[in-house]
Amino acid sequence: MKRINDLPLECLSSIAELLDLPDVMSLLATSKRWNLAIKSNEASVYRCLAGKHDSRMGFAPSSRLSEALRSWASPHARSITTWKQYCEAQVATEHRWRGKSTPACTLDVHGPAQTESVKNIRIDLEKSLIVTTETRDLDLSLHMAMEPITCLVVRCLLDPAGPILFSLNTPNPIQQLELSNGYVVCSHSEGFSIWRWAVDQQKDPAACAPTPHQAPDKPTDSIRGQLVSMGEIPRLSNSLFNSLFRFIYPTLCAVGLDCRSIHLWDVPSRSLVQTITTDLHRVKVVPADFTDTHVFIALDNVLVYSRQTGQLVFQLNQACLRRTHYRMIPPILTQHSSDSWFEKYTLSEYLESWEVVQGGHSLSSVLLGHEKMFGVHVSPSGRDFIATTRSGCIIRVEFTSPIPESNISDYSSPTRTNCRVSVTRVHPIRSVAYDGKRIAILGVSTRPVRTTS
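Using the UniProt record's numbering, the final residue of the sequence shown is 453, and nothing's skipped along the way.
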């Protein structure tokens, strides 16, 4: 009787295409004939393995390597030329996500204290670097006490458990950190600290004015991951900044703590380029976002100001929502598995929310009560934005005609011709990101991270 190993190599390789990666790896390690069969048709076998992995992750399998690589933002993907390398990258990436590439426990009695907590995380995909702000305990031997300090830390994205590339103990606790086009901006009680990747500063020098406390704790010979201090933006006289700000190179936007003004700076030159007076007076932390033409702030309601005229040109409030015909569309779970850290939801009717109106009333409108907006996020196109409430309500506003630069009356009564509103509700929200196509939500639930699209 013939055994399966006696089959022609073509048959064995066809069988291998139907197997999962662990089975293929076992055959490669234990059978010379299977090893020969798989390697003789390596491209096809690994293409099938890659397709199975992508399907489990919720992506459509690709028949061509170039198509599969389009969904990868990591610069490491540029060096991938074979399906085998693509599979290796898939496995390595998944292991890093699940923490399997690091030891379960580390103990270094002679090293610095372990990090207590990480507050801010930003990733530079182009340079494969992670920038974090971390709280550690500093041993004060003279006082026999441990004092928490805030550190600015840079690690390699491809080897996050490896050596720290850059570390700096900051005199003032960092409240928020943002990264854009090689510049790092940190907010603290005295203003904003500006940093830049040393490799970028070396290639394209820019004027800098570092302060004495902006020197790294452990300078290294390698320039990779090193940050160069470009200086600081001090708080304006008699004005405190919000701890929340928005940085999209080259502009930094922050609202004054008294909410009376919005300030915009040019980060490379650290110069104030515009101040918009709001005629508001509230002591409150206010999130903001902006485009080239408008500034959006969330102060209970969403207020939109023109950067050209400085005037209030749109506001999303309860009166606006009552005049606007919308309906609440619940998200539909489309991807959920025990081995995934993410849940994916689809809002199939989210963008088609207008209804037939009879007698001036929507057929199934849902009032939001007295919920207040606590976040606003503008799409890259600037044609739409989302506003969020802490209880989990997400309101999307799409402008179907250009936002005016003045005369708010044009938008005081939104109609189908100039503005459309869609609403959904998820779980209580901690933070949100929006790229114009997908809404990523971090909230309070059994699975802390969900993705809505």
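C-beta: ideal position from N, C-alpha, C; glycine also.
Of the listed residues the options, nearest to residue i (C-alpha basis)
i, options, result
"V24", "K52, P8, R3, D6", "K52"
"P22", "V45, L7, P8", "V45"
"A209", "F399, L28, E232", "E232"
"F192", "M57, L236, C151", "L236"
"Q202", "S63, I194, I223", "I223"
"K127", "L179, L257, K437", "L179"
"F247", "V184, L257, D200", "V184"
"I123", "G182, T150, P173, A161", "G182"
"W195", "L227, N418, N172, P171", "L227"
"L316", "R425, G310, Y305", "Y305"
"I403", "E134, A254, F296, V153", "F296"
"P268", "G256, D292, I80, S229", "S229"
"K284", "R260, H95, T293, S66", "R260"
"V286", "D266, K372, T150", "K372"
"C419", "L252, T400, D435", "T400"
"Y345", "R430, R425, D384", "R425"
"H95", "S117, L264, L158", "L158"
"L256", "P250, L65, L244", "Looking at the sequence provided, one finds Gly at residue 256 rather than Leu. Cα-wise, what sits closest to G256 is L244."
"C393", "I174, H427, V421", "H427"
"S66", "R56, M57, S55, R47", "R47"
"N301", "G375, R430, V153, Q90", "G375"
"R56", "A29, L36, D20", "D20"
"I149", "S379, A77, L36, V118", "V118"
"L264", "L299, E405, G310", "G310"
"A92", "P160, L36, Y249", "P160"
"W34", "N5, P61, Q308", "N5"
"E405", "Q308, V153, L129", "Q308"
Buried or exposed (CB count within 10 angstroms, at least 16 for buried), residue i
i, result
"A207", "exposed"
"I121", "exposed"
"L442", "exposed"
"G111", "Because G111 sits at a pLDDT of 38, beneath the cut-off of 50, its placement in the model cannot be relied upon, and the point is left open."
"D289", "buried"
"S353", "Because S353 sits at a pLDDT of 41, beneath the cut-off of 50, its placement in the model cannot be relied upon, and the following sentence gives the value as read from the coordinates. S353 is buried by the Cβ-count criterion."
"E10", "exposed"
"V356", "The predicted model places V356 with a pLDDT of 31, which falls under 50 and marks its position as unreliable; any figure quoted below should be read in that light. Looking at its Cβ environment, which holds fewer than 16 other Cβ atoms inside 10 Å, V356 is exposed."
"G360", "For G360, the predicted structure reports a pLDDT of 39, less than 50, and the residue's modelled location is therefore unreliable. A value from the coordinates is still provided. Exposed is the call here."
"H377", "buried"
"T132", "buried"
"V273", "exposed"
"A50", "buried"
"D204", "exposed"
"Q176", "buried"
"S79", "exposed"
"K32", "exposed"
"G225", "buried"
"S381", "exposed"
"F59", "exposed"
"R136", "buried"
"S63", "exposed"
"R3", "exposed"
"S431", "exposed"
"D384", "buried"
"R438", "exposed"
"S271", "exposed"
"S26", "exposed"
"A29", "exposed"
"residue 493", "Residue 493 is absent from the structure shown; the chain starts at 1 and stops at 453."
"E88", "exposed"
Residues that residue i bridges to, as DSSP identifies them
i, result
"D289", "F296"
"A387", "V376, I395"
"H188", "G191"
"H263", "A254, T275"
"S167", "V153"
"A197", "Inspection of the sequence shows that residue 197 is occupied by Trp rather than by Ala. L227."
"V432", "I441"
"Y183", "S180, R196"
"Q315", "L303"
"I121", "T132"
"T309", "According to DSSP, T309 bridges with nothing at all."
"P246", "Checking the sequence, you will find Arg at residue 246 rather than Pro. Answer by DSSP bridge pairing, in chain order: C253."
"E232", "S193"
Distance cut-off 7 Å: residue i Cβ against heavy atoms of the ligand ZN
i, result
"T93", "This structure simply doesn't include the ligand ZN, nor any ligand for that matter."
Query - Complete runs of the alpha helix (DSSP H) confined to the segment 36–81 [at least 4 residues] - result: Inside the segment 36–81, DSSP marks whole alpha helix (DSSP H) runs of 4 or more residues at positions 42–56, 65–69, from first to last along the chain.
**Report entry** Three CB pairs or more closer than 8 Å across the segment 175–188 and the segment 156–167
**Finding:** Output reads no: the segment 156–167 does not touch the segment 175–188.
**Report entry** Contact the segment 3–15 vs the segment 77–86: 3+ CB pairs below 8 Å
**Finding:** Look at the beta carbons and you see the segment 3–15 not touching the segment 77–86: under three pairs across the two are nearer than 8 Å.
Report task. May I ask you to verify whether the segment 60–76 touches the segment 34–42, counting CB pairs closer than 8 Å and requiring at least 3? Result -> Contact between the segment 60–76 and the segment 34–42 is absent: fewer than 3 CB-CB pairs across the two stretches fall below 8 Å.
Query raised in the report: Pairing CB atoms from the segment 274–281 with CB atoms from the segment 381–389, are three or more of them under 8 Å?
Result: Fewer than three pairs of CB atoms, one per stretch, sit closer than 8 Å, so the segment 274–281 makes no contact with the segment 381–389.
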